[in-house]
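Single-structure report; data block below.
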Amino acid sequence: MKNLVILISGRGSNMEAIVRACAHEAWPAKIAAVIANRPDAAGLAFAASRGIATAVVDHRQFPDRAAFDAALAQTIDGYQPDLVILAGFMRVLTEGFVDHYSGRMLNIHPSLLPSFPGLKTHQQALDAGCRVHGATVHFVTSKLDHGPIVAQAAVPVRASDDAAALAARVLGTEHVIYPRAVRWFVEERLALDGGNVTLTPPEPQWLFLDHTDNDTSANAQTAGEGA
Ligand code: NHR
Ligand code: GAR
1 MKNLVILISG RGSNMEAIVR ACAHEAWPAK IAAVIANRPD AAGLAFAASR
51 GIATAVVDHR QFPDRAAFDA ALAQTIDGYQ PDLVILAGFM RVLTEGFVDH
101 YSGRMLNIHP SLLPSFPGLK THQQALDAGC RVHGATVHFV TSKLDHGPIV
151 AQAAVPVRAS DDAAALAARV LGTEHVIYPR AVRWFVEERL ALDGGNVTLT
201 PPEPQWLFLD HTDNDTSANA QTAGEGA
């Protein structure tokens, strides 16, 4: 039985997808706690409604990142986690914190890494004229958004997209690949060799999601552009 601790900052829809998959697929795992860095994180209510322990470590109450990270690690370690899951967690973590959870901390980032690390990824993809965009599950290392890749999902960029529409399409794929990747960890199927991840036995570590919405005009426009 593996203990999972999930860190959130807001809505928590990825956390919710993982909680549901863990229950429905009867993983040999327990969601030991959901921890937020904001007292008003909406996802805390869902976790509590499922009988999951919740905690808040408010970053605004600490003088610097090192002090916040030390308090956060102490709270996390109280739950003896086998895996720490960043799910829409919005604070950059110090090297000491990341090293402490080396090989046992995952993040989902809303872009096809190594493109577009950092924030406002959907607007970055639109501004770059990308025709595909997506999300990446990766092990967390001290180099922000650059850890070994576990799974990726790609979606088309539609001509009519704004950042919110594109984010919604990507989010739908996050809810598929993140629970899947966590399950692989729980099943002890992930191995890290250098900067790469191997999955044993292998299965596709990618997802291409097309026709998730009925935006036929975008297809027509693509043909018209000769793209
Ligand atoms: N920490 C390390 N060391 N490495 C990673 O790969 C990390 C990480 C912490 C969080 C998630 C990441 C993402 O998926 C993540 C990966 C927040 C910021 C950020 O700039 C950047 C990347 C990510 C999360 N945060 C601002 C900060 O000053 C605060 C923004 C806010 O509060 O809204 O920390 O995108
Ligand atoms: C998700 O799209 C996640 O990939 C992204 O924020 C959203 C959180 O949604 N993460 C980051 O941008 C990390 N910097 P959720 O709270 O509903 O899971």
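Residue numbers (the numbering used here): 1 to 227.
The beta carbon of each residue, even a glycine, is placed where N, CA and C say it ideally should be.
Treat the numbers as computed from the prediction; the structure is a model and nothing was measured.
Bridge partner(s) assigned by DSSP for tryptophan 206: DSSP output for tryptophan 206 lists Gln152 as bridge partner(s).
Buried/exposed call for aspartate 58, threshold 16 Cβ in 10 Å: Its Cβ having fewer than 16 others within 10 Å, aspartate 58 is exposed.
Outcome for proline 81 when other beta-carbon atoms lying within 10 angstroms are tallied against a minimum of 16: Buried, because 16 or more other Cβ atoms sit within 10 Å of the Cβ of proline 81.
Segments assigned beta strand (DSSP E), at least 3 residues, entirely inside the region 123 to 173: As far as the region 123 to 173 is concerned, its whole beta strand (DSSP E) runs of at least 3 residues are 132 to 139, 149 to 156.
Coarse secondary structure for alanine 234, derived from DSSP in three states: The shown model of the chain, from 1 to 227, leaves out residue 234, and the question about it has no answer.
Length at least 4, wholly inside the region 15 to 92: the alpha helix (DSSP H) runs in chain order: Whole alpha helix (DSSP H) segments, 4+ residues: 43 to 49, 65 to 77.
Serine 49 burial status per 10 Å Cβ neighbour count (16 or more: buried): Exposed: under 16 other Cβ atoms inside 10 Å.
Close beta carbons around isoleucine 18, own chain, < 8 Å, minus the five adjacent residues each side: Cβ within range, chain order: Leu4, Ile6, Ile31, Ile85, Ala87, Tyr178, Pro179, Val182.
Burial state of arginine 131 (16 or more Cβ within 10 Å): So arginine 131 counts as exposed.
Distance between histidine 109 and aspartate 77 (C-alpha atoms, nearest Å): Their backbone Cα atoms lie some 24 Å apart in a straight line.
Start-to-end residues for the beta strand (DSSP E) that takes in leucine 4: Run containing leucine 4: 2 to 8, per the beta strand (DSSP E) assignment.
The ligand NHR heavy atom lying under 7 Å from the CB of serine 142: Indeed, a heavy atom of the ligand NHR lies less than 7 Å from the Cβ.
Cβ neighbours of isoleucine 52 in the same chain (closer than 6 Å, five flanking residues each side left out): So the list reads Ile31, Val34, once near-sequence residues are dropped.
Candidates Arg20, Arg158, Glu203, Arg11: closest to proline 39 by CA position: Considering only alpha carbons, the answer is Arg11.
DSSP three-state assignment for aspartate 215, whether helix, strand or coil: Legend: pLDDT at aspartate 215 = 45, less than 50; position of this residue unreliable, value from coordinates given subsequently. If DSSP states are grouped into helix, strand and coil, aspartate 215 belongs with coil.
Enclosing beta strand (DSSP E) for threonine 198 [first to last residue]: Start and end: 196 to 199.
Own chain partners of aspartate 161 with C-beta closer than 7 Å, once the 5 adjacent residues on each side are dropped: By the criterion of a C-beta distance shorter than 7 Å, aspartate 161 is surrounded in its chain by Leu126, once the five residues flanking it on both sides are discounted.
C-beta contact flag for leucine 106 and phenylalanine 208 at 8 Å: Note that the C-beta distance between leucine 106 and phenylalanine 208 is not below 8 Å.
Whole-angstrom distance between proline 63 and alanine 23, CA atom to CA atom: When rounded, the distance between both Cα atoms is 38 Å.
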